[in-house]
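In the working numbering, the protein residues as written are 1214 to 1440. Glycine residues also receive a C-beta, built at the ideal position from the N, C-alpha and C atoms. Only a predicted model underlies this, so the values are computations on that prediction, with no experimental measurement involved. Below is one structure; the comments refer to it alone.
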Ligand code: ADE
């Protein structure tokens, strides 16, 4: 999979993409991530990327031209499954959406800032808008990093244990059961006996029971949602 990210803060991606599973996926060649600085596509003398909003109002708006030039260049080089704009106005990200996007070959992710991007970008180029929650971030970068992490970790071959992404919370509309590791007894706080029993059938039954209990208690809405 190839991911092209358009941003005015390229450095914001160094840490989220430089560690752990996302780094491993890139090292294995399963995913390629290209960060494009929108400012590089500005044609103004001062390399501006934003301007005042027509009609007034507080806040600057990201200009159409630098973003359009960058997207046009990328589109002339390959076909994209989706051109995504990270925005609180978008469709809420969930596991089903992450699963779907993880099957794509090429995607562009545009990160906005200030009061947003010139509406004509959305009309002419954006094929999908995604929100990571009902709150407003300072920009789309953190949201884009969240989206990338959620899709990259489930691409086959990224995780060593192929089953581990499938047993994540949400993959079956259930939260994960509790997990424990050594020691089995820490200051009289004991790991449930069943997990030490070696009886795999009973252990699986226990895990399912706990997942159901936890979901019913904390996120009952998941149990009735179509994913
Ligand atoms: N940009 C600013 N806030 C956002 C959010 N909640 N989700 C996605 N992109 C955003």
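**Prompt:** DSSP puts residue 1449 in a beta bridge; with which residues?
**Reply:** With the chain covering 1214 to 1440 only, the question about residue 1449 has no answer from this structure.
* Please go through the region 1315–1373 and give each complete beta strand (DSSP E) segment of 3 or more residues, from N-terminal end onward. => Unbroken beta strand (DSSP E) runs of no fewer than 3 residues, entirely contained in the region 1315–1373, are found at 1319–1324 and 1341–1344, following chain order.
To the nearest angstrom, how far is the alpha carbon of residue 1339 from that of residue 1437?
In the chain shown, the residue the question calls residue 1339 occupies position 126. In the chain shown, the residue the question calls residue 1437 occupies position 224. Separation of residue 1339 and residue 1437 (C-alpha to C-alpha, rounded to the nearest whole angstrom) is 31 angstroms.
- request: Please state if the CB of residue 1331 and the CB of residue 1456 are separated by a distance shorter than 8 angstroms.
  value: Shown here, the chain extends from 1214 to 1440; a query on residue 1456 therefore has no answer.
Notebook entry, point to check: What is the DSSP secondary structure of residue 1421, counted as helix, strand or coil?
Noted result: In the chain shown, the residue the question calls residue 1421 occupies position 208. In the structure shown, the three-state DSSP call for residue 1421 is helix.
- Straight-line CA distance for residue 1300 to residue 1265? The residue given as residue 1300 occupies position 87 in the chain shown. The residue given as residue 1265 occupies position 52 in the chain shown. Roughly 20 angstroms between the two C-alpha positions.
Endpoints, the beta strand (DSSP E) within which residue 1406 is located = The sequence position of residue 1406 within the chain shown is 193, counting from 1. The continuous stretches of beta strand (DSSP E) do not include residue 1406, and DSSP gives it neither H nor E.
inquiry  = Quick check: what's the CA-CA separation for residue 1327 versus residue 1363?
reply    = If you number the chain shown from 1, residue 1327 lands on position 114. If you number the chain shown from 1, residue 1363 lands on position 150. Answer to the nearest angstrom: the Cα atoms are 25 angstroms apart.
ask   = If we ignore side chains and look at the alpha-carbon of each, how far apart do residue 1371 and residue 1241 end up?
value = Within the chain shown, the letter at position 158 stands for residue 1371. Within the chain shown, the letter at position 28 stands for residue 1241. Cα to Cα, the separation comes out at about 8 angstroms.
Return yes when at least one heavy atom of ligand 1 lies under 7 angstroms from the C-beta of residue 1396, else no.
Reading the chain shown from its first residue, position 183 is the one you call residue 1396. Because no heavy atom of ligand 1 lies under 7 angstroms away, the Cβ of residue 1396 does not count as near it: no.
Using the beta-carbon count (16 or more within 10 Å), is residue 1249 buried or exposed?
Counting from one through the chain shown, the residue named residue 1249 turns up at place 36. Residue 1249 comes out buried.
query: Contact between the region 1292–1310 and the region 1346–1353: three or more CB pairs below 8 angstroms?
result: Yes, the region 1292–1310 is in contact with the region 1346–1353.
Among the residues of its own chain, which have a CB less than 8 angstroms from the CB of residue 1383, if the five just before and after it don't count?
Position 170 of the chain shown, counting from 1, holds the residue named residue 1383. Closer than 8 angstroms at the Cβ level, and outside the excluded window around residue 1383, lie 1307, 1308, 1435 and 1440.
Practice task
Can you check DSSP and say which residues form a bridge with residue 1263?
Solution key: One-based indexing of the chain shown puts residue 1263 at position 50. According to DSSP, which records beta bridges pairwise, residue 1263 is partnered with 1275.
message: If distances are taken between C-alpha atoms only, which option among 1219, 1292, 1405 and 1377 comes closest to residue 1318?
response: Start at 1 with the first residue of the chain shown, and residue 1318 comes out as number 105. The candidate whose alpha carbon is nearest that of residue 1318 is 1292.
- With a threshold of 16 other CB atoms inside 10 Å of the CB of residue 1325, please say whether the residue is buried or exposed. Start at 1 with the first residue of the chain shown, and residue 1325 comes out as number 112. It is buried - the Cβ of residue 1325 has at least 16 other Cβ atoms within 10 Å.
| message | 8 angstroms is my cut-off, CB to CB: does residue 1413 come that close to chain C? | response | Among the chains in the structure shown there is no chain C, since it carries only a single protein chain.
Please indicate yes or no: does the CB of residue 1223 lie closer than 7 angstroms to some heavy atom of ligand 1?
Reading the chain shown from its first residue, position 10 is the one you call residue 1223. For ligand 1, not one heavy atom lies less than 7 angstroms from the Cβ of residue 1223.
Q.
Quick check on residue 1399: does DSSP put it in helix, strand or coil?
A. Mapped onto the chain shown, residue 1399 falls at position 186. Here residue 1399 sits in strand by DSSP.
- Query: Assuming residue 1217 and residue 1321 make a contact with CB atoms under 8 angstroms, what is their CB distance in whole Å?
  - Reply: Taking the chain shown and counting its residues from 1, one reaches residue 1217 at position 4. Taking the chain shown and counting its residues from 1, one reaches residue 1321 at position 108. With a contact defined as Cβ atoms closer than 8 angstroms, residue 1217 and residue 1321 qualify at about 5 angstroms.
Practice problem: State the DSSP-derived secondary structure class of residue 1163, mapped to helix, strand or coil. | Solution: The question about residue 1163 has no answer here: the residues shown for the chain are numbered 1214 through 1440.
*Using the Cα positions of residue 1214 and residue 1245, report the straight-line distance between them to the nearest angstrom.*
As a first step, residue 1214 is located in the chain shown; it is residue number 1 there, counting from the start. As a first step, residue 1245 is located in the chain shown; it is residue number 32 there, counting from the start. So the alpha carbons of these two residues sit roughly 6 angstroms apart.
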